[in-house]
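Residue numbers (UniProt numbering), protein chains in the order written: chain X, 1 to 458; chain D, 1 to 458; chain P, 1 to 458; chain S, 1 to 458.
Note that beta-carbon positions come from the ideal geometry of N, C-alpha and C, so glycine has one too.
There are 4 protein chains.
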Amino acid sequence: MAFRDECGVFGIWPMPEASRQAYLGLYALQHRGQEAAGICSRDNGRLHLHKAQGYVADVFSEATLDRLPGDAAIGHTRYSTTGGNVASAAHPFVVEGRFGQIALCHNGNLTNTEILRHRLIEAGQVFSSPSDSEVILALINRAQAPSLEDAVVEALRQVEGAFSVLILTEDALMAARDPHGFRPLAMGRLGEATTFSSETCAFDLLGADYVREVEPGELVVVDRQGTRSRFPLARVQARPCVFEHVYFARPDSLVYGLSVMATRRDMGRLLARRHPVAADLVVPVPDSGVSAALGYSEESGIPFDFGLIRNHYVGRTFIEPRQSIRSFGVKVKLNPVRELLRGKRVVLVDDSVVRGTTSRKIVSMVRAAGAAEVHMRISSPPTTHPCFYGIDTPDREHLLAARMDVEGIRTFIGADSVGYLTLDDLQASVKDAGGESFCYACFTGEYPVTPRSKGTCG
Amino acid sequence: MAFRDECGVFGIWPMPEASRQAYLGLYALQHRGQEAAGICSRDNGRLHLHKAQGYVADVFSEATLDRLPGDAAIGHTRYSTTGGNVASAAHPFVVEGRFGQIALCHNGNLTNTEILRHRLIEAGQVFSSPSDSEVILALINRAQAPSLEDAVVEALRQVEGAFSVLILTEDALMAARDPHGFRPLAMGRLGEATTFSSETCAFDLLGADYVREVEPGELVVVDRQGTRSRFPLARVQARPCVFEHVYFARPDSLVYGLSVMATRRDMGRLLARRHPVAADLVVPVPDSGVSAALGYSEESGIPFDFGLIRNHYVGRTFIEPRQSIRSFGVKVKLNPVRELLRGKRVVLVDDSVVRGTTSRKIVSMVRAAGAAEVHMRISSPPTTHPCFYGIDTPDREHLLAARMDVEGIRTFIGADSVGYLTLDDLQASVKDAGGESFCYACFTGEYPVTPRSKGTCG
Amino acid sequence: MAFRDECGVFGIWPMPEASRQAYLGLYALQHRGQEAAGICSRDNGRLHLHKAQGYVADVFSEATLDRLPGDAAIGHTRYSTTGGNVASAAHPFVVEGRFGQIALCHNGNLTNTEILRHRLIEAGQVFSSPSDSEVILALINRAQAPSLEDAVVEALRQVEGAFSVLILTEDALMAARDPHGFRPLAMGRLGEATTFSSETCAFDLLGADYVREVEPGELVVVDRQGTRSRFPLARVQARPCVFEHVYFARPDSLVYGLSVMATRRDMGRLLARRHPVAADLVVPVPDSGVSAALGYSEESGIPFDFGLIRNHYVGRTFIEPRQSIRSFGVKVKLNPVRELLRGKRVVLVDDSVVRGTTSRKIVSMVRAAGAAEVHMRISSPPTTHPCFYGIDTPDREHLLAARMDVEGIRTFIGADSVGYLTLDDLQASVKDAGGESFCYACFTGEYPVTPRSKGTCG
Amino acid sequence: MAFRDECGVFGIWPMPEASRQAYLGLYALQHRGQEAAGICSRDNGRLHLHKAQGYVADVFSEATLDRLPGDAAIGHTRYSTTGGNVASAAHPFVVEGRFGQIALCHNGNLTNTEILRHRLIEAGQVFSSPSDSEVILALINRAQAPSLEDAVVEALRQVEGAFSVLILTEDALMAARDPHGFRPLAMGRLGEATTFSSETCAFDLLGADYVREVEPGELVVVDRQGTRSRFPLARVQARPCVFEHVYFARPDSLVYGLSVMATRRDMGRLLARRHPVAADLVVPVPDSGVSAALGYSEESGIPFDFGLIRNHYVGRTFIEPRQSIRSFGVKVKLNPVRELLRGKRVVLVDDSVVRGTTSRKIVSMVRAAGAAEVHMRISSPPTTHPCFYGIDTPDREHLLAARMDVEGIRTFIGADSVGYLTLDDLQASVKDAGGESFCYACFTGEYPVTPRSKGTCG
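Spelled out as structure tokens, the structure:
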């Protein structure tokens, strides 16, 4: 129960009914963004676009997919919008320019958007949305390079920050990842087709095989000649975002080649070693705390059970009684199992604490259900700094752990004890993917790329 | 992963903004029916109705709730429709007759509907839908009794089968349960208000306290004079439906006064004792198999983990590629965690097997993900007979266990072994609520009430 | 610009795709009701229903029409709802009873509904809506007669007031008109099929031929044996509603066998003779005053022109500026042509004046556009009494002409002169259909049938 | 019954609730485009946009207008889309660039779009739609001029063809009309506010006063300093489109300062003089032929009547019976009045003939209704050439009059005689606005501006 999700991207080439495959891919990536969805397909050198606000299943129908013909497609599912007009911020973005039509969608935030945008505007460029994608598209079309592929490289060399980007042109599908590789991007194979996805769970639904990660700094180009790879961007230490493993990714995905479920379980085990407690029951905050809670239970020997039940029918709207003095907030989503919790010393396991208000309500709810003690265990270190690389975090002053120490947090959320995972432990849990060099900026404030401006999460 | 859900009912009196409280109640009971929802409120002796197809959150808006004023309300959430016009089958039903306006909604199936309907039609009655509710309303209005309360009793004495019914009149709220008490109905208290709900999870969301069950054969009347109880119906052995505990109810509910989560866990423990197996991993079929799987794991000592991940964003529509030769079916909802299952001897725990086709796909999916062995464990006995008391089951010839023995089932679903809970074990798991006398007809074919015709599930 | 419309009915048998033909018929009858629409079809002895709020074009889609198979259908388009739940008041009503399924829809108001309803309720009948249709259906099912046809007759003999009714059963289509024949009902032929419609404009769209009126007191039965006629109801002087010719019907329809356009033109001619005036321009209040205005112009020799232009894109909603002190009301629909009206002595022709508020706004609008004089001419007598036979009129105290004489009306609406058609003239305009005996109750208060209670307009 | 409509623009500054006033304006201009609508408002130097497909009344709600705060607004209603994505072609377009945010909408077609677009693309510009508006916005942002106003002038000097454009910036509202003044644009006053509209009927609804036309080649700027005018564009002979008077504009509008109703009536009178015929009845093809038909009747002395009735409830969809061999086409919209036409020699008056197929159906319909003779009279000359200045016409080969002479047309549409207005007569009808120099290119092929490419109708 942490930060809000970011975005998911998916692409495939060449594949009959490519837009329907992209629909499948986005369906599996829905957890990465529920605000808007879009697919752009390529048919005989022409691009076709449909995007709108809403869930993937609502945005697309047989009819809209029929209007997206062709053998190549990219798609995007989006969470949050920075600023006003939600509709205009949906991806992919499609423009016509020097190289004909180009569609682009990305996951991640650029950190020098404002500078680039300012420079482009000075040169007469106009923008119809605040999206980083439009900046990249403008850079491509203003590049000196004569070929589209080189223009893409020239553009990507100018942008800083985090981007896992998919580009669909009249002749090719390209996938690129920023030099630090902040955001994930996996490559798969389905028959003849090459496919890209933020997470491998999309490959599972399509029946595609996971091949490998698109590497930090890599540009993969798929076209009629086949699939080729370049490393045209600066070589730097890779810094994949650890939070994908802590919270974002679906547990059945591989991210950076590691099983998310396995790393979370490890976090839970390490958490149990670091912060043991005499207790009767390990209870996850569903759904994100489940794997870590299982690990904690396994390591500690304390029984695991679902002491909080999630209502899976929670919709976008919920109407509270007008005269109610109670706030429904978390109650609509979670209900404690009184019979299970009554009289028990409970270890509550969650993945992270952001503002602390939800944690406070949950602790209070568990106590009200009769728990004798409530021990909060967090499967990541205290979140003290905002993210500038694609995760929608509150400003620093709203991060609970930036404002107080662990004892303060304990008092604030009303727990009997609070235990966080250490940075070392977290690094250990992802060590098989070179985890010691991951990006831990939200825990440490050590930003791999200086954030010069806040981009628009794509 | 079993039968389809049935219906849920909720009522409250007296309570400001009663329709908004009913909305909350139905929100919590959404798992009992996603096809349609409706609320009828009472304001100054007039009834106001809104019902439509769809989820509770979609059927009701601030505007529609504003058109349901008053201090009393009943509501219904409905799963399946027997026959054509879905809209006309939504509850509550409201009619005007001898006793003014009456609204009625129920959970359960009558078993003598056809006979009663035929008799009423002979007497000149007309029906606008196939619902059992209309039959009950007609009987009430044709009763000899001069008072409405007695007319309700007279009507309920004529109907056979399963009904947990809520009736809202111009002056009173009534709740009744058939003499066998097939379907659950709990009574709660919220300040001055008396409230009724199919499950206690609705009370939790409202902040109401659970008081007790409405007893089999009981009629509870709430009006300006307060709350009073009668037992006007035939006294027989109570036969509550055990399947509420096996599958239907939310785990955080009390049903028949028992914690659903606790009984399921017990079923899992007993299953482990009855059908032990040398294995590496206990994997639930989510979400209904989770508690039993935890019990199985606890009892057996075999580690528990989520080897199948459920996609919580599955909507009403899913568009498959046209040229696909694969069937997506269960893949859209469940994805195996390859890294977890690979090479493992897996115990799959599910609550029941109906037709067997889904189980077969899941076993196959788990094998394809690399499991070395797949042992299916079912936390209930073989389902051999259809239900006539409110659960939407296929005909007997479509019930896998009616057509073959356990070895046949094992072969059909492709498992290495299959183990069912015994009837004795199941009875033991609910013994604290007098479970030996529950209705087990779907396992035994011993029907407490002879089904004379198939009613319309309400 | 007068009373609100009432309802339209359409039926056909036998005809492939009967529901699609009914859709066409309702499309042409849309002016008779924009609130709700419904069609019931008959296929192999089973009835299928779809009805909802909204325009015909919005209520039905290819998909909903596909769910209405069969070779017979009846349909209804409805204007106003008396009382709350709009949805439950849509026609046709379909019930199952002694004679199997019966669908019924009607145009008109019964005048003894309350008495019948009370009597039926005493006998144990219940009603799910306030519609007169449900009363008729209950009477049919409680009739002594053994055959459905005789039961229909027995039922219709008990009801008083106005009804043009279509009944679809498992075996037959029936059309009946009350003994006074208050509301119109025409019979047509399309190939082998017999068809019924409130107005002949529906026949034109289908390509059907007009055959004759269903006569007052007649019952026409269409079934496999063919089409047969009976006159089972009391023989009384026919009293067709003259207002159909004054305002309701489409000008291209035949009503009671007379061309509506022709009678309206005659009304205008007679009006010019009765109330001549020295003027420069005859301007209709569109659209209902157009034909009478042409007649006035022709007879008087004063030029005709469209000095008021109607905005044909007026939708259901119109959002006024919040700080506006002007009321948009009639301005949204009508705009004066300043260049035409400036300095002119204008004869404004409208069909009737109900409350007078709209007329007042229009006169004021025409003056503001520069007219030197405004002479109001009304192509019917002063409307002094409410209708109880199917037209939605305000109570007597809201009828302008019931409260004041012509000079008072002139002052109220601000015209230089006001002239109404006389009753004699109006009778003359419809004399070819026996117009002297039509129902003129809204002008005279002489009600052919004593209104004992207000029915629900169908 | 002619070409399809084009577009309408409306703007206002300064005015409380400016977006609601723009909504009123678009409501009145709905006849100029039913495909999409949009409004951009300005509040404290920030622009707010809402646009979508559909009617004005459907696109905007209280809620969407509340999200458009501020005291200045421009709006657009759009008919046709050239090419694919309808949504992306809705106006206004809003971009952020050198001069901050700029919103732009226009009526008209540029004739050098392709050249400009190509040049801009070469310079690195990208476009997200095929709209001419984006080209103008790009030119503004790439202009050398340091001030926004001069940049607008610099941009408008580069574009050729037809444009009546409204521009809303962070500080000002601008209105400009191309040097030939092809499309109309009127200026009005409402209290302190200056307002612009394609037609004056919008002023009438708002209660604004008509001030004057925005002149060909004029740029009007409204800002905090007031309203000022410049004529920065090339001085050429003005060439307003005569077709606005023939067909497009609402009859209650002033266009180029002339009453549309009056000019149409004159066209009818001149047509009667030019092509007299012995006949019994003048019948307009509604609604566009009405005024000319009145003029024809007046001049010829032949009585006028509505022999064709238009169904005003025609929606966007109409479902035809599947097995129908008849085409419903025009029948859905128009119904002949048999009683009126039978045996008559009919003069049918329409404003123009494009492809001829509709005229053919109407003539056939009138004959089938019993007319003895059908004489077609067209209140404009033969349409022989496509429009490049903002009217959506078919290619030349689909224009009936480009393919055959009048006798051929007569045969094709099946009339007894056909008479067109002459060019001289048409010029005479608009002579009070300098009509001899209007644009008559669709009748003559003499294009005031060489069409170098087909722009996108805005």
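- Around the CB of S300/X, 16 or more other CB atoms lie within 10 Å, so the residue is classed as buried.
- Judged by DSSP secondary structure, E96/D falls within the beta strand (DSSP E) whose first and last residues are F93 to G97.
- Rounded to the nearest whole angstrom, the C-alpha separation of E320/D and H50/X is 18 Å.
- A contact is defined here as three or more CB-CB pairs under 8 Å, and the stretch 128-147 of chain P fails this definition with respect to the stretch 193-207 of chain P.
- DSSP, reduced to helix, strand and coil, places E339/P within a helical segment of the structure shown.
- Here Q323/S is exposed, its C-beta having fewer than 16 other C-beta atoms within 10 Å.
- Inclusion of E6/D and Y79/D in the CB contact set at 8 Å is warranted, their separation being smaller than that value.
- Rounded to the nearest angstrom, the gap between the Cα atoms of L421/S and D266/S is 11 Å.
- For the stretch 125-154 of chain X, residues whose beta-carbon sits nearer than 7 Å to a beta-carbon of chain S comprise Q125, V126, F127, S128, L137, A138, N141 and R142.
- Sorting T358/S, V255/S, S297/S and N335/S by C-alpha distance to the C-alpha of L308/S places N335/S at the top.
- Within the stretch 131-186 of chain D, the complete alpha helix (DSSP H) segments of 4 residues or longer fall at 132-142 and 148-158, listed in chain order.
- Going by beta carbons, V242/X and F438/X fall inside the 8 Å limit.
- The C-alpha of Q225/P lies about 10 Å from the C-alpha of D171/P.
- Using a CB distance below 7 Å, the part of the stretch 192-211 of chain S facing chain P consists of C201, D204, L205 and G207, ordered along the chain.
- Below the 7 Å Cβ cutoff, chain D contributes no neighbours of V282/X, its closest Cβ being approximately 11 Å away.
- Across the stretch 317-336 of chain X, CB contacts with chain D closer than 8 Å involve T317, F318, I319, E320, P321, R322, Q323, R326, F328, K331, V332, N335 and P336, in sequence order along the chain.
- In the DSSP assignment, R403/P falls within the unbroken alpha helix (DSSP H) covering L400 to R403.
- The beta carbon of G181/P lies closer than 6 Å to those of P216, A238 and P240 in the same chain, with the five residues before and after it left out.
- Under the 8 Å criterion on CB atoms, V347/P is classed as non-interfacial with respect to chain D.
- Sequence-distant partners of F93/D (beyond 5 residues in either direction) whose C-beta falls short of 8 Å from its own C-beta, in its chain, are A103, L104, C105, S129, S131, S133, E134 and L137.
- Listed as beta-bridge partners of H375/P by DSSP are V347/P and S417/P.
- The beta carbon of S297/X is closer than 6 Å to those of V282 and F304 in its chain, skipping five residues each way along the sequence.
- Within the same chain, Cβ atoms closer than 7 Å to the Cβ of A18/X are found at I12, S41, G70, D71, A72 and A73, the five residues on either side in sequence being excluded.
- Each of G257/S, I378/S, L340/S and H91/S was checked against the Cα of H275/S, and the nearest Cα belongs to I378/S.
- For L334/D, the secondary structure class from DSSP, reduced to helix, strand or coil, is strand.
- In chain order, V126, F127 and S128 make up the part of chain P whose C-beta sits under 8 Å from the C-beta of V95/D.
- Under the Cβ criterion of 8 Å, E62/D is not counted among the residues facing chain P.
- Just so you know, the alpha carbons of V153/P and P146/P end up roughly 12 Å apart.
- A distance below 6 Å between beta-carbons, with the five flanking residues on each side excluded, links N112/D to the following residues of its chain, in chain order: E160 and R452.
- In the displayed model, C387/X falls within coil according to three-state DSSP, outside both helix and strand.
- Membership of D266/S in the alpha helix (DSSP H) is indicated by the continuous run V260 to R274.
- Measuring C-alpha to C-alpha distances from M187/S to each of G390/S, G25/S and I413/S identifies G25/S as the nearest.
- Taking C-beta atoms as the reference points, D351/S and Y247/S count as a pair closer than 8 Å.
- Shown in chain order are the members of the stretch 250-273 of chain X whose Cβ falls below 8 Å from a Cβ of chain D: R250, P251, D252, L254, S259, M261, A262 and R265.
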